[in-house]
Structure formats: structure tokens, C-alpha cells
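Colleague: Residue 44 in UniProt numbering sits at position 44 of the first sequence, and the numbers go up by one each step. Built from N, CA and C at the ideal position, the CB exists for glycine as well. Note that the coordinates shown come from a computational prediction; the quantities given were computed from them, not determined experimentally.
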Amino acid sequence: METEATTGADTGPNFWLLKAEPDSRIVKGKDVKFSVDDFEAVKTSPWEGVRNYEARNSMQKMKLGEKALFYHSNCKNPGIAAFAEILKEAYPDHTAWDSEHPYYDPKTKQDDPKWFMVDLKFVSRAQHFVPLALLRFITDSASDSPPAGLEYLGDAGVAAIKAMDLTTRGRLSVQPVSEAAWTAIQQLASTGGWDELDLNPKKKSPAKKSADTADRPARAAKTKAKAKKRKAKGSDSEDEDEDYQEEESDAEVISKTTSARRKRKAPDDYQELPPTRRRAKASSQE
DNA sequence: GCCAACGTTGGC
DNA sequence: GCCAACGTTGGC
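#1: Please report how far the alpha carbon of residue 139 lies from the alpha carbon of residue 119, in whole angstroms.
#2: Put residue 139 into one of helix, strand or coil per three-state DSSP.
#3: What would DSSP say about residue 154, mapped onto helix, strand or coil?
#4: Got a sec, what are the start and stop residues for the alpha helix (DSSP H) residue 56 sits in?
#5: Using 9 angstroms as the threshold, is the C-beta distance between residue 199 and residue 167 below it?
#6: Where does residue 198 fall in DSSP's three states?
#7: Mind checking residue 64: buried by the 16 CB within 10 Å criterion, or exposed?
#8: To the nearest angstrom, how far is it from the Cα of residue 29 to the Cα of residue 103?
#9: If you drop the 5 nearest sequence neighbours on each side, which residues of the same chain put their C-beta closer than 6 angstroms to that of residue 68?
#10: I'd like the list of long-range same chain contacts for residue 145, defined as Cβ closer than 6 angstroms, with 5 residues on each side in sequence excluded.
#11: If residue 116 and residue 56 are in contact, beta carbons under 8 angstroms, what's the gap, nearest whole angstrom?
#12: Hey, is residue 169 close to the ligand NAP, as in C-beta under 8 angstroms from one of its heavy atoms?
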């Protein structure tokens with residue numbers, strides 16, 4: 001059974017945002033770089049390596065032909081670089097079983113896949129790259145109306161942008177986008193018009209080291225408010241996720257994390273963990 | 001390179 | 001089941 005659309009639409013298509021890293025970054029000896037240039041060159045790409053439940057759940061809701069925003073993350077100038085669409089609906093992410101792969105997950109079994117991916121088709125570049133800084137500029141503005149030059153967005157477009165997860169949920173790499181936000185982004189990408197805006201106001205004064213982080217508390221408050229809302233209406237980060245709590249016990253999921261954590265803190269009365277679920281799980285293997 | 005935010009872990 | 005601790009994400 002389908003859960004209803006995360007975006008609130010009950011019948012129409014959903015819209016999505018997926019993040020990729022345009023800059024080289026080496027993980028387990030492999031470069032995980034995937035820029036809009038790479039995407040445009042290959043035209044289609046499996047979206048492998050997602051290892052977050054909420055992101056995965058979103059991917060499992062994606063339907064053939066639904067539209068997505070291609071986002072540049074973890075780079076100098078993050079933002080929306082292209083438009084894409086779903087070419088193939090969710091199927092098991094085989095890279096989880098590939099020990100050579102940067103996102104190898106040794107705990108998942110081929111007969112019980114935990115991670116999924118979709119195939120994405122490149123549609124077009126954003127004629128005007130839509131920088132995160134612009135979306136933040138709009139989101140952080142006290143006004144309900146568009147800034148000068150972007151009147152075409154209308155108040156509705158501004159409201160949609162302000163409601164986007166992108167600005168408040170930085171770590172979510174696959175997220176739903178409302179249709180209104182989709183439209184607003186498309187308008188921005190095709191029209192531009194923010195060259196006159198100072199998207200990076202206030203460089204920190206040398207005296208005040210924390211000047212450029214001064215707005216973070218305000219941001220945090222917004223983030224919290226939204227998180228509360230999600231909780232209230234029931235986030236999908238955990239539902240439909242049978243293994244969510246059980247998996248933790250065996251913990252090699254991301255080995256680096258786990259091994260470090262296992263080492264953490266041995267209180268004086270530390271005796272060697274009484275095996276609990278971990279043992280049960282391990283012995284269930286034949 | 002720094003560090004706030006946040007998802008996950010795991011002791012209690 | 002709560003929540004402190006931890007490591008990672010990702011903007012800056």
C-alpha cells in the first residue's frame with residue numbers, strides 16, 4: 001500500500017530533490033564525484049549509495065516520469081544545477097553488497113535488500129544555476145513577497161521556497177519538493193534576475209569571530225519548528241522501516257563509524273558486553 | 001578548515 | 001524508552 005504523497009498531493013505526481021557532489025572526494029579509494037557535467041555526459045544514472053532511511057523511503061515512492069531537481073552539494077557554490085526525471089523506479093542497490101564500493105554495507109543480504117536506488121534521467125540544465133544562497137536569502141527574509149528582480153515568483157512562490165526542506169534539513173540527500181516549490185525553482189532557473197542581490201551579506205568583522213555564524217541560532221529555531229511539525233504528522237524516516245532498530249545491534253553498517261564507537265568509553269566496571277541482540281542476530285546466521 | 005546540525009548508537 | 005555521546009554531513 002502506498003503511503004500518501006509526502007508533498008501533500010494525493011493524486012498528482014510528486015517532485016523530488018537529489019543531491020550529488022560535484023567535487024572530487026575520495027571514499028575508500030574511489031572518487032564519489034558526480035557533477036552536472038558528469039550527469040549530462042552520461043544522460044542516465046543509477047542513484048546508488050543512499051544509506052539513509054528517510055532518503056531511501058523517498059526513493060521508494062518515486063514513480064516513473066516524476067521530476068527531480070539535481071543539486072550540487074558539499075561544494076563551493078551549492079545549488080540546483082539541473083532537472084531530471086525518474087527513469088526507473090526503486091530497485092535494490094547492489095553496491096551495498098560490493099565490498100569495493102564506497103558505500104558497501106556488509107550487513108545487508110541479497111535476499112533481503114535494505115537499500116534501494118532509482119535510475120535518473122538527465123533532462124536539462126538550469127539555464128541559471130539556482131544557488132542555495134539565493135534560496136536562503138529568500139527564506140531568511142522577513143518579507144512574504146519576492147525580493148527586487150524576482151517579482152515573477154509571487155508570494156506563493158516565496159512561501160513555497162520558504163517551506164522547502166532544503167534550507168532546514170541540510171543532511172537529507174533525497175527529499176520531496178512541493179509542486180509549488182518545483183514551479184518556483186523552474187521559474188528561477190529559466191528567468192534569473194538576482195544578479196543585483198547581495199546573496200552573501202555581512203562578511204564577518206575580524207573582531208567578531210562568530211559574526212558569520214550569528215544567524216545560526218535563528219536558523220536552528222526554524223529547523224526545530226519544522227522538525228516538530230514532521231514529528232506531529234509522522235515523519236517517514238522510520239515507518240516502513242522494519243529493520244530500523246534491529247539493525248543497529250550489529251552495527252558494522254558503516255564500519256568506520258561503528259568501530260570507532262565500539263571503542264568509545266569503557267567505564268571502570270566495563271566487563272565485556274553481555275551479548276544481547278547482537279549475539280542473537282549473529283547466531284541466526286547459518 | 002571549522003563547526004552547527006542531526007541521525008544513529010547504545011548505556012542506562 | 002530516554003537521552004548523551006558520537007561521527008558525519010555539508011554550509012560557510
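Modeller: Put simply:
#1: The C-alpha of residue 119 is placed about 31 angstroms away from the C-alpha of residue 139.
#2: Looking at residue 139 - three-state DSSP - the assignment turns out to be helix.
#3: When secondary structure is reduced to three states using DSSP, residue 154 falls in the helix class.
#4: It spans 53-61 - the alpha helix (DSSP H) in which residue 56 sits, taken as one unbroken run.
#5: One thing to note: residue 199 has its Cβ no nearer than 9 angstroms to the Cβ of residue 167.
#6: Collapsing the DSSP output to three states places residue 198 in coil.
#7: Label assigned to residue 64: exposed.
#8: The straight-line gap from Cα to Cα measures roughly 11 angstroms.
#9: Within the same chain, 16, 18 and 84 come within 6 angstroms of residue 68 by CB-CB distance, once the 5 residues on both sides are set aside.
#10: Leaving aside the five residues that flank residue 145 on each side, the residues in its chain whose CB is nearer than 6 angstroms to its CB run, in chain order, 155.
#11: At roughly 6 angstroms, the Cβ-Cβ gap stays under 8 angstroms, so residue 116 and residue 56 are in contact.
#12: The ligand NAP is absent from the structure shown, which contains no ligand whatsoever.
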